[in-house]
Amino acid sequence: MRAVARRAAATGAVLALTTLGALAPSSAAPAPPGSPSHVAALLALRTGATGSVDLLDPATMTSSATQTLTAGKSCELLVGGRSLLGFAARPADFGVGYASGGVGVRERATASGVSCAAVDSSAGESLVVSVGRDASGTRKLVASSASLDIDLKQNASITATAQLAGVTVGTFRLVSGTAAGTSLPATTQSCNLVSDSGPDSGTNDHCRWQINAPTWTGGTKSIIGFDALVLTSDSGSFSLEGGGDGPVDDPAHPMPASFGDYRSASVFELVPTLDCGQTSATASSDTVSSTWKRLGNLDGGPCVAYPYWNTTGVDAEGSYAHFQKPLQLETDAQALWTTSFVYSGPVPTPRITFESLDAAGRVVETTQTLAPCPTGFVPGTTAPPSAMYACVATTSKTTVKGVKTVTFGVYVAGDAWLRV
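Sequential numbering of the sequence shown, starting at 1, is according to full-length UniProt numbering.
Printed below as a string of structure tokens:
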């Protein structure tokens, strides 16, 4: 057992099936993870005289559902079509406004910025942006990151509080003006504005805010997923836009060319979710393929769908399967993890590493060699001997044209770190 410090420890549980004797690259150099990508879909907010939100396939950038945004009486935000993004104001009695291509809090007397669409610090205002449902309207969407077009006024600074199922999972900040360029924490972004002269500055008073490392930035994510962002004005004021004043880019991490007409939008990257009885998408690489079937909860209570990442690949230690879910959500979840490894030599022995937090907030990792499940143990039906438990329910071997493959069906209860 060992304790390690890791930024994402409080927000995620990582599972990776370790095998001794699985094939590893001859160079022992890390290889990129296998498919599928963490990004299952995109939400793109575009603003102007009217606005829209599109649910996009990231491979083709085609829309499967659209939500419309228009300004009503006294600049009230009116939405139509699918409920892809929700907007709410704090204080709630102010309401949400839409004007000049910006979304904000609807109240006339602001310290700065555009009337109707400014989230103003002097009034303690926040704009809550929540992720809605898929094209069918049946499954709740969850975002893993966001790239926002923000219009800032008067040395504005903003706090984004990421929430999942009502629980705060991460906090991010954007600072501009006098605070920009100072030494900042990893989750704070600095924005050096060209101008801060008011609503007629075009894109000069805008910044593209990268929240939780969108995939094209190459950064490290600190949380797994969120279904709401509470955007609070700490100083000055801001509006949320999506190209209303023109394209706004991050010079260090430009929007992908593949986004086409959506390059100026505010974009949310979405991750898949898994409910009880559902099976994850297959993650596969040259030597590993893996699926994760979620069973009923240990306590028999109702299930809440959780976001997940499911990847496979080869690193310096060998082949691995890697599954990750939020640590603090659905702690009674159970699953049957089916993973196939190509191997040489004797049949490899699978291992699992469970993780927990000690009193100092560090991750405590406990690794064990997986043993067969006890006689009579039925995954999902038989109560496990402990809240954190894993065993090999099934093992099968095949040899096709000289290539040997072993498939393990592993029962897992609790959160764990699995790797090779």
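Heads up, the beta-carbon is just placed ideally off N, CA and C, and yes, glycines get one too.
Cβ neighbours of residue i in the same chain (closer than 6 Å, five flanking residues each side left out)
{"i": "Thr19", "result": "Confidence is the limiting factor: at Thr19 the pLDDT is only 47, short of 50, which leaves the residue's position unreliable, though a coordinate-based value still follows. Correct list, in chain order: Phe341, Pro348, Pro350."}
{"i": "Gly113", "result": "In this prediction, Gly113 scores a pLDDT of 47, lower than 50, which makes its location untrustworthy; the coordinate-derived value is nonetheless stated afterwards. Same-chain partners within the cutoff: Lys153, Ser237."}
{"i": "Gly81", "result": "Thr66, Gln67, Thr68"}
{"i": "Ala22", "result": "Residue placement at Ala22 is poorly supported in this model, since its pLDDT is 47, which falls under 50; the coordinates are not used for a value here."}
{"i": "Ser264", "result": "Gly243, Pro247"}
{"i": "Gly34", "result": "Note that Gly34 scores a pLDDT of 37, beneath 50, so its modelled location is shaky and nothing firm can be said."}
{"i": "Thr50", "result": "Thr70"}
{"i": "Thr407", "result": "Ser340, Ser396"}
{"i": "Thr331", "result": "none"}
{"i": "Ser266", "result": "Leu45, Leu148, Asp149, Gly242"}
{"i": "Ala28", "result": "Reliability of the predicted coordinates at Ala28 is poor, the pLDDT of 32 falling under 50, and the value obtained from them is presented with this limitation in mind. Taken in chain order, the residues that qualify are Ala316."}
{"i": "Pro256", "result": "Trp216"}
{"i": "Trp309", "result": "His38, Gln324"}
{"i": "Ala173", "result": "The identity of residue 173 in the sequence shown is Arg, whereas the question assumes Ala. Within the same chain, Arg173 has close Cβ partners Thr159, Thr188."}
{"i": "Phe268", "result": "Leu43, Ala143, Ala146"}
{"i": "Asp275", "result": "Cys303, Ala305"}
Cβ neighbours of residue i in the same chain (closer than 7 Å, five flanking residues each side left out)
{"i": "Thr291", "result": "Thr279, Ser280, Thr282, Thr338"}
{"i": "Ala213", "result": "Ser145, Gly219, Thr220, Lys221"}
{"i": "Gly225", "result": "Val142, Ala143, Ser144, Leu164, Val271, Pro307, Pro326"}
{"i": "Asp250", "result": "Arg208, Gln210"}
{"i": "Gly402", "result": "none"}
{"i": "Met61", "result": "Ser258, Phe259, Gly260, Tyr262"}
{"i": "Val79", "result": "Gln67, Thr68, Leu69"}
{"i": "Val378", "result": "none"}
{"i": "residue 426", "result": "This structure cannot speak to residue 426, because the chain is shown only from 1 to 420."}
{"i": "Val400", "result": "none"}
{"i": "Leu84", "result": "Leu43, Val53, Leu55, Ala65, Gln67, Gly132"}
{"i": "Ser63", "result": "Asp54, Leu55, Leu56"}
Residues bridged to residue i (per DSSP)
{"i": "Val342", "result": "Thr405"}
{"i": "Ser122", "result": "Note: Ser122 sits in no beta bridge, so no partner."}
{"i": "Ser235", "result": "Ser157"}
{"i": "Glu76", "result": "Gly97"}
{"i": "Leu174", "result": "Ile158, Gln189"}
{"i": "Glu241", "result": "Gly102, Asp149"}
{"i": "Ala413", "result": "Gln334, Tyr389"}
{"i": "Ala143", "result": "Phe226, Leu270"}
{"i": "Pro372", "result": "Val392"}
{"i": "Thr68", "result": "Ser52, Gly80"}
{"i": "Thr217", "result": "None; Thr217 has no bridge partner."}
{"i": "Val131", "result": "Leu85"}
{"i": "Thr382", "result": "Answer is none; Thr382 lacks a bridge partner."}
{"i": "Thr168", "result": "Gln163"}
Proximal residues to residue i (C-beta, below 8 Å), its chain only, five neighbours per side dropped
{"i": "Ala165", "result": "Asp227, Val304, Leu329"}
{"i": "Thr369", "result": "Thr349, Pro350, Arg351"}
{"i": "Thr168", "result": "Thr161, Ala162"}
Residue i, enclosing beta strand (DSSP E) - first and last residue
{"i": "Gly55", "result": "Contrary to the premise, residue 55 reads as Leu rather than Gly in this sequence. Its beta strand (DSSP E) spans residues 51 to 56."}
{"i": "His206", "result": "206 to 211"}
{"i": "Leu43", "result": "41 to 46"}
{"i": "Lys397", "result": "389 to 400"}
{"i": "Thr62", "result": "Element bounds for Thr62: n/a, residue is neither H nor E."}
{"i": "Arg90", "result": "85 to 90"}
Expected contact under 8 Å - CB spacing of residue i and residue j to nearest Å
{"i": "Val103", "j": "Ala117", "result": "6 Å"}
{"i": "Ala387", "j": "Tyr411", "result": "13 Å between Cβ atoms; not a contact."}
{"i": "Gly296", "j": "Gly380", "result": "6 Å"}
{"i": "Val288", "j": "Ala321", "result": "5 Å"}
{"i": "Glu76", "j": "Asp151", "result": "Wrong, their Cβ atoms sit about 19 Å apart, outside the cutoff."}
{"i": "Gly97", "j": "Arg106", "result": "3 Å"}
{"i": "Leu229", "j": "Val129", "result": "5 Å"}
{"i": "Ile158", "j": "Thr232", "result": "7 Å"}
{"i": "Ser122", "j": "Asn155", "result": "The pair is not a contact, with the Cβ atoms about 13 Å apart (cut-off 8 Å)."}
{"i": "Thr203", "j": "Asp245", "result": "5 Å"}
{"i": "Thr273", "j": "Arg139", "result": "7 Å"}
Check: residue i C-beta below 8 Å from any heavy atom of the ligand MG
{"i": "Gly236", "result": "Within the structure as shown, the ligand MG is missing, as the structure has no ligands at all."}
Min CB distance residue i to chain D below 9 Å
{"i": "Arg139", "result": "Among the chains in the structure shown there is no chain D, since it carries only a single protein chain."}
Within the region 255 to 331, ranges of the beta strand (DSSP E) (whole runs, at least 3 residues)
266 to 271, 288 to 294, 309 to 315, 318 to 325
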